[in-house]
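First the structure, in the form of structure tokens, and then the observations on it.
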Amino acid sequence: MSKSMIKCQCGHENPFGTVLCESCGRPQTEEAKKSKTVDMRYEGSARRSQTYQRTIVDKIWNFFSSVKIGVSIIIAVLVTSAIGTIFPQKLYVPANTEAEIAAYYERLYGTFGKIYYNLGFHDMYNSWWFITLVGMLGTSILIASVDRVVPLYKSLKQQRTKRHPSFLKRQRVYGDGPVEDADASLKKAEEKLKQLRYNVKVEDGAILAEKNRFSRWGPYVNHTGLLIFLGAILLRGIPGFYVDESMWLREGDTLEIPGAPGYFIESKGFIREVYSNEDDEIFGKALERNPMIDKNFQTDVALYKKAEGDLPGQTDNISLVKEYSIIVNEPLTFDGYSIFQMDYRTDELKSMDFQLTDKETEQSLGEFTVDLVNPESTYDLGDGRIVELKDYYPDYAGFENGEPTSKSPLPNNPAFFFKMITPEKPEGEISFVAIRQTVEADENDYKVNFVSADTRNISGLTIRKDRTLYILLAGGIIFMIGVAQGSYWNHRRIWIQKGENNEMLIASHTNKNWYSLKREMGQVKEHASLPSYEDREDKESDKEEEEGDID
Amino acid sequence: MDLVSLSSNLLLVSFFAYIIATLFFGGAVRGAKSQASYRNSRSGTIGIIITIIGFLTHVGFFITRWMASGYAPVSNMFEAVTALGMMLIAAFILLYFIYKTPSLGLFALPIAIIIIGYATMFPTEVTPLIPALKSKWLAVHVITTILGEAILAISAVAGFILLLKKVNVKKASRERFWLEVIVYTIVLFLGFIIATSGFRIAGYEAEFNFMNKNEQLERSVYHMPPLFGMNEYEALTEDAMTPWAEMPAIIDAKKLTTTTWSFFVGTAIYLLLRLIFRRPLAAVLQPLTKNANLQLMDEIGYRAVLIGFPVFSLGALIFAMIWAHEAWSRFWGWDPKEVWALITWLFYAAFLHLRLTRGWEGKKSAWLMVIGFILIMFNFIAVNMILAGLHSYA
Ligand code: HEM
Numbered sequence: 000m001s002k003s004m005i006k007c008q009c010g011h012e013n014p015f016g017t018v019l020c021e022s023c024g025r026p027q028t029e030e031a032k033k034s035k036t037v038d039m040r041y042e043g044s045a046r047r048s049q050t051y052q053r054t055i056v057d058k059i060w061n062f063f064s065s066v067k068i069g070v071s072i073i074i075a076v077l078v079t080s081a082i083g084t085i086f087p088q089k090l091y092v093p094a095n096t097e098a099e100i101a102a103y104y105e106r107l108y109g110t111f112g113k114i115y116y117n118l119g120f121h122d123m124y125n126s127w128w129f130i131t132l133v134g135m136l137g138t139s140i141l142i143a144s145v146d147r148v149v150p151l152y153k154s155l156k157q158q159r160t161k162r163h164p165s166f167l168k169r170q171r172v173y174g175d176g177p178v179e180d181a182d183a184s185l186k187k188a189e190e191k192l193k194q195l196r197y198n199v200k201v202e203d204g205a206i207l208a209e210k211n212r213f214s215r216w217g218p219y220v221n222h223t224g225l226l227i228f229l230g231a232i233l234l235r236g237i238p239g240f241y242v243d244e245s246m247w248l249r250e251g252d253t254l255e256i257p258g259a260p261g262y263f264i265e266s267k268g269f270i271r272e273v274y275s276n277e278d279d280e281i282f283g284k285a286l287e288r289n290p291m292i293d294k295n296f297q298t299d300v301a302l303y304k305k306a307e308g309d310l311p312g313q314t315d316n317i318s319l320v321k322e323y324s325i326i327v328n329e330p331l332t333f334d335g336y337s338i339f340q341m342d343y344r345t346d347e348l349k350s351m352d353f354q355l356t357d358k359e360t361e362q363s364l365g366e367f368t369v370d371l372v373n374p375e376s377t378y379d380l381g382d383g384r385i386v387e388l389k390d391y392y393p394d395y396a397g398f399e400n401g402e403p404t405s406k407s408p409l410p411n412n413p414a415f416f417f418k419m420i421t422p423e424k425p426e427g428e429i430s431f432v433a434i435r436q437t438v439e440a441d442e443n444d445y446k447v448n449f450v451s452a453d454t455r456n457i458s459g460l461t462i463r464k465d466r467t468l469y470i471l472l473a474g475g476i477i478f479m480i481g482v483a484q485g486s487y488w489n490h491r492r493i494w495i496q497k498g499e500n501n502e503m504l505i506a507s508h509t510n511k512n513w514y515s516l517k518r519e520m521g522q523v524k525e526h527a528s529l530p531s532y533e534d535r536e537d538k539e540s541d542k543e544e545e546e547g548d549i550d
Numbered sequence: 000m001d002l003v004s005l006s007s008n009l010l011l012v013s014f015f016a017y018i019i020a021t022l023f024f025g026g027a028v029r030g031a032k033s034q035a036s037y038r039n040s041r042s043g044t045i046g047i048i049i050t051i052i053g054f055l056t057h058v059g060f061f062i063t064r065w066m067a068s069g070y071a072p073v074s075n076m077f078e079a080v081t082a083l084g085m086m087l088i089a090a091f092i093l094l095y096f097i098y099k100t101p102s103l104g105l106f107a108l109p110i111a112i113i114i115i116g117y118a119t120m121f122p123t124e125v126t127p128l129i130p131a132l133k134s135k136w137l138a139v140h141v142i143t144t145i146l147g148e149a150i151l152a153i154s155a156v157a158g159f160i161l162l163l164k165k166v167n168v169k170k171a172s173r174e175r176f177w178l179e180v181i182v183y184t185i186v187l188f189l190g191f192i193i194a195t196s197g198f199r200i201a202g203y204e205a206e207f208n209f210m211n212k213n214e215q216l217e218r219s220v221y222h223m224p225p226l227f228g229m230n231e232y233e234a235l236t237e238d239a240m241t242p243w244a245e246m247p248a249i250i251d252a253k254k255l256t257t258t259t260w261s262f263f264v265g266t267a268i269y270l271l272l273r274l275i276f277r278r279p280l281a282a283v284l285q286p287l288t289k290n291a292n293l294q295l296m297d298e299i300g301y302r303a304v305l306i307g308f309p310v311f312s313l314g315a316l317i318f319a320m321i322w323a324h325e326a327w328s329r330f331w332g333w334d335p336k337e338v339w340a341l342i343t344w345l346f347y348a349a350f351l352h353l354r355l356t357r358g359w360e361g362k363k364s365a366w367l368m369v370i371g372f373i374l375i376m377f378n379f380i381a382v383n384m385i386l387a388g389l390h391s392y393a
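These protein sequences, in sequence, are chains A and B.
Per numbering that gives the first Met the number 0, the very first residue in the first sequence carries number 0; after that it's consecutive.
Per numbering that gives the first Met the number 0, the very first residue in the second sequence carries number 0; after that it's consecutive.
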């Protein structure tokens, strides 16, 4: 890479690629010399992307540093995101297997749904092309910023108060003309500019008034914030940085917390409340329209910690950490983890009470309770009466090839093979008992019948630990500082200098809000009787526009 | 008088104050002979004073409703959209004091009036909060977001004025066509308001049973004659009209009916106005921009985006993420509402880049500002009502 410098007539050495001398502002390229106004965007400084365009690295660098490309990437992310909202994303579809998901889209949305699914739009935000686009966005932000910030910093630092007239003449707002007393005008201008809170530098019959230069760093600060944010998202891929687990916790149970080894949680009860008229009379009308508005979901829990050095899974040596009521918006937090109330199921069967009866006399021969999660194998009813539980199907789904089957281990629809042993029938009788169904192989003398059931609620909890949260937050805060800095202040500069004879030159530049800049210039001009000036970018404004002009 | 009725009366006062203020701003624009008389006209001053009074009663509405319900009144369509109207007025007042432009008021106030009118078409009663919304972040996140959106919306008003003035409305062109489409869309909103309140005054009601998309039986009450029937509908009201067609389960035929009625009524109004004026409505409105300074409008629009974008970023992304993390355990879940907030944000980011580094000023930038407002309204209306997700209000 060439490290050569170009020397300006004023004596300042500029890096190769400079358009406007960093010090005096004289145009350095043929093109700049010919043009009537100059592109002041980065002060005409030497940017890598504008200077080197030969190697493949240069080409990639130039690609990503271009705002045209940057904006195109932003628009591409925007459009793909929008497509992802046409139909619900996979995450929100009530189906588990891929085949079920595919069927869901086709059933509800027809051919479009099918195409949507087949193109992978149903999982847009995890698709490789979406992730690639976001990666390109980050790359672009990084490269575009680096490409500009260093040269911009250098040239703003090295700018001289007195500029070459050729620089002033090429500014967007410029004017020259004779004044009565140049020195008096300069003095007055200085006074007024200070009053308008400009930073005023005077040098040899020239004024440089500058305001809010720090706002020029706004974009770079906010881009840094964005990059920190994107970086934090990458970090979540590293194990240990990010835990996302969920669990179903039944009332009365104590379970080890998935993702948080050594911690146990017990549900002391789940509560679901809906609003009633007693809550507040002003809700009366709304409740008339919709009487079932949820008020609260709450799991009362106890959190335990296992003693150091115990074996995993062991629950006999755990100590209480705290008791807490988890409600929506108020997760339980400990040791960097948060546990959220996310879901619930009410009234899962917990245990069933049965009765052994003599069919003929309808007389009860004793009762027993089957715990549906941990059933016992025999129930001794005394007096030589025993019920054996030969087989148990927690989620009975009918017979298949003469055998009962169970859909899941959850006690949704329990069924049992009981063997009933009594002094009268010591060899025992077999009976198959399900809800509202009893099947007997032979004609039995006894039967087991259902008396009552006990239910309990289950809480769906989510366990999160996210060590990147603070990095994300820091990224967000830095972004906000940057946008505020760049949006609520603008960088304004006004140059006033003596020319030949009693002539004065006046020029100005701002990175945004020209109207407000010109309003301030107007005040200075008025006060210091300076020559009039014009805004050359605003020439396109037709006659009609001028009619409405204020000055 | 209890708090809730006091609250609705205050809103009514604001509504009329904004209408009267619009007339005064109109007077300021039409009566101005020169720029000086335009900027310092008496009508303009009276206009802004009445606007401020209306704004204060509007804030009164907001606070009394907050006191009555115990939570920030931004929890459903009615509340959120009226808040948008209120913030729009606030943003206008702020910019009025920076730039002293009655023209902006002449266009911003009617938009706010339509927005408030639109809001009152939704159920206005105080509803208790569901568990997910019970959080201090409801107030913080929603109020900041709506404020940001309102400031961004003002930029669209400035952009619209610029376009109306700069586009030649006497000659047919693509620009004139799209400008007319915008005016027509605004008239459609009027159509919605008139259709809804008309049938409401008439007390129309028709009940149906239907099969929803999860194949469960549900009941639905129409407040407009049912042009479209829900999936496998069965009429429960005796003499209700028979729907023209039955819709599949994924389409909410009731909303489609409301939309279609609004479309009919709005189009009828539009055609009537065309008949009366015998000109495109954009041409009818153009004289109202006569004193607007183009460069000033351009700057007001840009300034509004510059003020609004950070506020929107803070409310719609940062506060939103913090709350989502607390309520739903993840700070981002690609829910349609979240995605559309992101889209809006990306759009304005693209706008800022085009303007700052590619010099998109004047008409180009004005069109983008108008499109931005369309995105914001899409966020409020379509995303809340159609792309139902966790955030659904309706
Ligand atoms: C979502 C992504 C982005 C956001 C939110 C963002 C935000 C911003 C903001 C707020 C500004 C200041 C604008 C103003 O003050 O008017 C800015 C400036 C800028 N951005 Fe971005 N930006 C993003 C992506 C990009 C990308 C991909 C590029 C790549 C080309 C880029 C290049 C620039 C440049 C060159 C500036 C002007 C810097 C200056 O004038 O000193 N930005 N950005």
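Note that CB positions come from ideal geometry on N, CA and C, so glycine has one too.
Note that the structure is predicted; figures quoted are calculated from it, not measured.
Sequence-distant partners of Val80 of chain B (beyond 5 residues in either direction) whose C-beta falls short of 8 Å from its own C-beta, in its chain, are Ile114, Ile115, Tyr117, Ala118, Phe121 and Phe379. A distance criterion of 6 Å places the beta-carbon of Thr138 of chain A beyond contact range of the ligand HEM, judged by its closest non-hydrogen atom. Using beta-carbon distances, Ile480 of chain A does not count as an interface residue toward chain B, since no partner is under 7 Å. At a cut-off of 4 residues, not a single continuous stretch assigned as alpha helix (DSSP H) sits fully inside the region 345 to 392 of chain A. Per DSSP, the unbroken beta strand (DSSP E) holding Asn295 of chain A starts and ends at Asp293 to Lys305. Asn221 of chain A is a Cβ neighbour of Gly481 of chain A, given a cutoff of 7 Å. Here the alpha carbon of Thr461 of chain A sits roughly 10 Å from the alpha carbon of Ile256 of chain A. Between Ile281 of chain A and Thr298 of chain A, the C-beta gap is not smaller than 7 Å, which leaves the two residues out of contact. In this chain, the beta strand (DSSP E) harbouring Gly176 of chain A covers Val172 to Pro177.
CA-to-CA, the gap between Pro309 of chain B and Val372 of chain A works out to about 55 Å. For Gly158 of chain B, the shortest separation between its Cβ and any heavy atom of the ligand HEM does not lie below 6 Å. For Lys6 of chain A, there is no enclosing alpha helix (DSSP H); the enclosing beta strand (DSSP E) covers residues Met4 to Lys6. Secondary structure remark: continuous beta strand (DSSP E) runs of at least 3 residues inside the region 434 to 492 of chain A, in chain order: 436 to 439 and 445 to 465.
Nearest neighbour of Ile264 of chain A by Cα position, chosen from A:Ala81, A:Gly381 and A:Gly459, turns out to be A:Gly459.
Residues of chain B whose Cβ lies closer than 9 Å to the Cβ of Gln522 of chain A do not exist; the shortest such Cβ separation is about 16 Å. Note on Asn448 of chain A: under 16 other CB atoms within 10 angstroms of its CB, so exposed under the neighbour-count rule. By the criterion of a C-beta distance shorter than 7 Å, Phe367 of chain A is surrounded in its chain by Phe353, Tyr378, Leu380 and Val386, once the five residues flanking it on both sides are discounted. Leu234 of chain A is not a Cβ neighbour of Phe228 of chain A, given a cutoff of 7 Å. Tyr98 of chain B and Val369 of chain B have their C-alpha atoms spaced approximately 20 Å apart.
In this structure, the alpha-carbon of Phe311 of chain B lies about 16 Å from that of Gly84 of chain B. Measuring C-alpha to C-alpha distances from Met229 of chain B to each of B:Ala248, B:Trp243 and B:Ala16 identifies B:Ala248 as the nearest. Taking the CA atoms as reference points, Thr236 of chain B sits about 15 Å from Lys253 of chain B. Each residue's CA atom was taken as its position, placing Leu225 of chain A and Ser126 of chain A some 21 Å apart. Pro150 of chain A and Tyr51 of chain A have their C-alpha atoms some 14 Å from each other. Close partners of Pro309 of chain B in chain A (Cβ separation under 7 Å): Met479, Val482, Ala483 and Ser486. A distance below 7 Å separates the beta carbons of Ala20 of chain B and Gly46 of chain B. From the beta-carbon of Tyr301 of chain B, the residues of chain A found nearer than 9 Å are Lys511 and Asn512.
Remark: C-beta atoms of Val320 of chain A and Leu331 of chain A do not approach each other more closely than 7 Å. Under the DSSP definition of a beta bridge, Tyr343 of chain A partners with A:Ser458. Relative to the ligand HEM, the beta carbon of Leu355 of chain B is positioned inside 6 Å of a heavy atom. Residue pairing by DSSP places Ser337 of chain A opposite A:Thr332 and A:Arg463 in a beta bridge.
Per the Cβ contact rule, the region 155 to 169 of chain A is in contact with the region 16 to 26 of chain A (3 or more Cβ pairs under 8 Å). Note on Thr54 of chain A: under 16 other CB atoms within 10 angstroms of its CB, so exposed under the neighbour-count rule. Chain A has a Cβ within less than 7 Å of the Cβ of Val3 of chain B.
Chain B places a beta carbon closer than 7 Å to that of Tyr274 of chain A, counting this residue as a contact. Between Gln88 of chain A and chain B, the shortest Cβ-Cβ separation is below 7 Å.
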